[in-house]
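Numbering (numbering that gives the first Met the number 0), first residue to last: 0 to 485.
Report on one structure; see the data block that follows.
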Amino acid sequence: MCHGSFSADENCRNYCRLFYYYMCMDFPGPSRYLTGVLLVVTLLGTVGWVTPFVPVSDAGNSGYTAEQVYVRADDRITTATLYLPDGDERVPGVVFGAGSGTAPALYTNYGAALATNGFAVLIAGQTRELEAERPIHWEIRRETSALFERATRDYTNWVSYLASHPRVDEERLVLAGHSGGANSAYRVAYEQPDVKGVVAIAGRFPPERSEPFPTNLLLATGSEDSLVPPSTLTNVSVELTGTVVRPGEQTGSFENGTATRVVVADGATHLSESDNPQLVHTTTDWALRSVGESPPLTFGVRVRSIGSVLYQFLFGLVSVLAATALTKRVVASWVDEPWRRETTVSLVWLTGFATVLHTTLSQRVYHLGPAPAQLTKYVLLATLLLVIGVALNRVASLTSWSETRVGSSLFDFAFLFVPAGAFVVISTQFVTFQLVTTIVLSSVALSILAVFLGELAVLNLPRRIRWATIGIAVLWIVPAIVPPYL
Numbered sequence: 000m001c002h003g004s005f006s007a008d009e010n011c012r013n014y015c016r017l018f019y020y021y022m023c024m025d026f027p028g029p030s031r032y033l034t035g036v037l038l039v040v041t042l043l044g045t046v047g048w049v050t051p052f053v054p055v056s057d058a059g060n061s062g063y064t065a066e067q068v069y070v071r072a073d074d075r076i077t078t079a080t081l082y083l084p085d086g087d088e089r090v091p092g093v094v095f096g097a098g099s100g101t102a103p104a105l106y107t108n109y110g111a112a113l114a115t116n117g118f119a120v121l122i123a124g125q126t127r128e129l130e131a132e133r134p135i136h137w138e139i140r141r142e143t144s145a146l147f148e149r150a151t152r153d154y155t156n157w158v159s160y161l162a163s164h165p166r167v168d169e170e171r172l173v174l175a176g177h178s179g180g181a182n183s184a185y186r187v188a189y190e191q192p193d194v195k196g197v198v199a200i201a202g203r204f205p206p207e208r209s210e211p212f213p214t215n216l217l218l219a220t221g222s223e224d225s226l227v228p229p230s231t232l233t234n235v236s237v238e239l240t241g242t243v244v245r246p247g248e249q250t251g252s253f254e255n256g257t258a259t260r261v262v263v264a265d266g267a268t269h270l271s272e273s274d275n276p277q278l279v280h281t282t283t284d285w286a287l288r289s290v291g292e293s294p295p296l297t298f299g300v301r302v303r304s305i306g307s308v309l310y311q312f313l314f315g316l317v318s319v320l321a322a323t324a325l326t327k328r329v330v331a332s333w334v335d336e337p338w339r340r341e342t343t344v345s346l347v348w349l350t351g352f353a354t355v356l357h358t359t360l361s362q363r364v365y366h367l368g369p370a371p372a373q374l375t376k377y378v379l380l381a382t383l384l385l386v387i388g389v390a391l392n393r394v395a396s397l398t399s400w401s402e403t404r405v406g407s408s409l410f411d412f413a414f415l416f417v418p419a420g421a422f423v424v425i426s427t428q429f430v431t432f433q434l435v436t437t438i439v440l441s442s443v444a445l446s447i448l449a450v451f452l453g454e455l456a457v458l459n460l461p462r463r464i465r466w467a468t469i470g471i472a473v474l475w476i477v478p479a480i481v482p483p484y485l
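Structure representation (structure tokens):
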């Protein structure tokens, strides 16, 4: 045992005692060094999680407020974020439709940039049916025409909501959106002749109309967008305006509502269009010109990228990985009962993972956490996890090779992916665009959990303990990933 005495004040003794517990236990020499390395990695990961090493600020400066609102109309409810510039004067408005299945938080940069430059902004996200004043969270739509019709009706309700706000000048409205939101903006523009402009980012499905587009139109996409490549927007410009407009070109005039421009953001993918600085600036510029305002030389906007949030998340994951291994080593010397050691390790991992997830991706990209109103989804997934887990555990107990490293890993991955895969298939019923969205997001989440499942196996936690622990995480995350229109 390592011995020592401390003569500092009480606070100093507390810190020294903590270091003593971690570093001065009955570990062999090399093992003690490994404990020190794990402690250092945990601390470094925590610092990177709390303060990202990429110094950025939120888009825009002070001068506006943002609040979550709910738009209720036609027995449907939409979760949205409303941005309002400071002051009491009436201001122009922008309705921004989020991409299908995404959340308003993903488009914070657009809301902040537009609000900083004098717009009231409604960023609308998830929309659900209401039945007896309660949202329906399980809804399957197969017909493309019905989807467009319903989405257009939702977008029209958002326009009515913002136009009726006492701070908004309803005669100076701009419609905008990304992906599915852009497709709806096209359609609503034909129904709202007084709209001053449209910003369509990666909107590839314009309506089939014989008359020319009724207002100023900005078409934008990323150079690396595989869903909506730049050539697609040239085709869209022809369909809507009858004129071929290539990337970088602009035709028409803002004064008579015929201005059309195609912009391609260098290096942007379909996802990163939601935080691309060029697209944020171009959107703000186009909205200002459409309502008759002269854009400033600088917009006072600094964009926080999703990448910086991912850096935070990754640092947090590293911290959780190291802290879990460190906990296992420490409790091995403190606690005699195996079940208490294993439970402590599991709780440390669950608490750390949930905290990191909630403070990074859930806050800035997509809410990943329990939604009690979606009880049906949780019951279904919990049932699949229990039934498949019990069956796999029974097979593993009867199979000698399940105790080998390869066999154990195969059973672990089966428990992780089979129940979640069955849940996705049942939820989407093979509806293509719903299935693709859910598979991509679920695969990313399950791949991250696979890393932790592997760590718990390396730390020799019994199969039932590690499956129960990871099962809780799967039940926490996967139902939230299933698109809200299911």
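Glycine residues also receive a C-beta, built at the ideal position from the N, C-alpha and C atoms.
In three-state terms, what does DSSP make of residue i?
{"i": "V481", "result": "coil"}
{"i": "R245", "result": "coil"}
{"i": "E238", "result": "helix"}
{"i": "L81", "result": "strand"}
{"i": "I476", "result": "helix"}
{"i": "Y365", "result": "coil"}
{"i": "A321", "result": "helix"}
{"i": "D284", "result": "helix"}
{"i": "D87", "result": "coil"}
{"i": "T64", "result": "strand"}
{"i": "D274", "result": "coil"}
{"i": "F26", "result": "Here F26 scores only 46 on pLDDT, less than 50, and its place in the model is too uncertain to base an answer on."}
{"i": "V70", "result": "strand"}
{"i": "T354", "result": "helix"}
{"i": "T250", "result": "strand"}
{"i": "N108", "result": "helix"}
{"i": "A258", "result": "coil"}
{"i": "V302", "result": "coil"}
{"i": "A201", "result": "coil"}
{"i": "V290", "result": "coil"}
Near residue i, what residues of its chain come up, given a Cβ to Cβ distance below 6 angstroms and the 5 sequence neighbours on each side ignored?
{"i": "N275", "result": "A264, A267"}
{"i": "V55", "result": "Because V55 carries a pLDDT of 40, less than 50, the predicted location of this residue cannot be relied on, and the following value inherits that uncertainty. R303, S307, listed in sequence order."}
{"i": "A150", "result": "S183"}
{"i": "F212", "result": "L239, T240"}
{"i": "V317", "result": "G44"}
{"i": "S4", "result": "The predicted model places S4 with a pLDDT of 41, which falls under 50 and marks its position as unreliable, so this point remains unresolved."}
{"i": "L81", "result": "E66, V68, L121"}
{"i": "L232", "result": "L218, T220, V261"}
{"i": "P294", "result": "D284, L287"}
Counting only the same chain and skipping the five closest in sequence on each side, list residues whose C-beta sits under 8 angstroms from that of residue i.
{"i": "A131", "result": "The pLDDT assigned to A131 is 48, lower than 50, so where the model puts this residue is not dependable; a value taken from the coordinates is nonetheless given after this. Once the five neighbours on either side are set aside, A131 has no close Cβ partner at all."}
{"i": "L415", "result": "L445, L448, A449, L452, I469, V473"}
{"i": "P506", "result": "Missing from the structure shown is residue 506; the chain here goes from 0 to 485 and no further."}
{"i": "T41", "result": "S318, A321, A322, L325"}
In this structure, what does DSSP give as the bridge partners for residue i?
{"i": "T220", "result": "V263"}
{"i": "A574", "result": "With the chain running from 0 to 485 in the structure shown, residue 574 is simply not present."}
{"i": "F95", "result": "I122, A175"}
{"i": "R152", "result": "Answer is none; R152 lacks a bridge partner."}
{"i": "N215", "result": "G196"}
{"i": "V167", "result": "V90"}
Determine the closest residue to residue i out of the options, with distance taken between C-alpha atoms.
{"i": "N156", "options": "W466, V261, L409, T78", "result": "T78"}
{"i": "R301", "options": "E238, L121, V279", "result": "V279"}
{"i": "L391", "options": "R404, A381, F412, T403", "result": "F412"}
{"i": "S178", "options": "S225, L172, Q191", "result": "S225"}
{"i": "I425", "options": "L383, V405, L397, E88", "result": "L383"}
{"i": "G291", "options": "E148, V90, A102", "result": "V90"}
{"i": "L460", "options": "V477, I480, V330", "result": "V330"}
{"i": "L217", "options": "R208, E210, V235", "result": "V235"}
{"i": "L409", "options": "V319, A421, A395", "result": "A395"}
{"i": "A381", "options": "T359, S401, I438, A419", "result": "A419"}
{"i": "P192", "options": "E210, F204, P294", "result": "E210"}
{"i": "A181", "options": "K327, T64, D153", "result": "D153"}
{"i": "G62", "options": "T115, D73, S99", "result": "T115"}
{"i": "E190", "options": "S159, H164, S163", "result": "S159"}
Assuming the contact rule is C-beta atoms closer than 8 angstroms, residue i and residue j should be a hit. Round their C-beta distance to whole Å, please.
{"i": "V167", "j": "L161", "result": "6 angstroms"}
{"i": "T257", "j": "V244", "result": "Going by Cβ atoms, the distance from T257 to V244 rounds to 11 angstroms, so no, they are not a contact pair."}
{"i": "V423", "j": "S441", "result": "6 angstroms"}
{"i": "G510", "j": "F352", "result": "Residue 510 cannot be examined here, being either before or after the span of the chain that is shown, 0 to 485."}
{"i": "L356", "j": "L367", "result": "6 angstroms"}
Just to confirm my understanding: we take residue i, look at its own chain, exclude 5 residues before and 5 after, and list those with CB closer than 7 angstroms. What are they?
{"i": "T214", "result": "A188, V194, K195, G196, V197, G256"}
{"i": "A286", "result": "V93, L113, F118, V173, G196, V198"}
{"i": "F26", "result": "Because F26 carries a pLDDT of 46, less than 50, the predicted location of this residue cannot be relied on, and the following value inherits that uncertainty. Taken in chain order, the residues that qualify are T34."}
{"i": "V364", "result": "A104, L105, I305, V308"}
{"i": "S252", "result": "A258"}
{"i": "G98", "result": "H177, S178, G179, G180"}
{"i": "R465", "result": "L452, L455, A456"}
Following a CB-centred definition, is residue i positioned closer than 7 angstroms to any heavy atom of the ligand MG?
{"i": "V329", "result": "Here there are no bound small molecules, and the ligand MG is not part of this structure."}
Any C-beta of chain B sitting closer than 8 angstroms to the C-beta of residue i?
{"i": "V70", "result": "Absent from the structure: chain B. Only one protein chain is present."}
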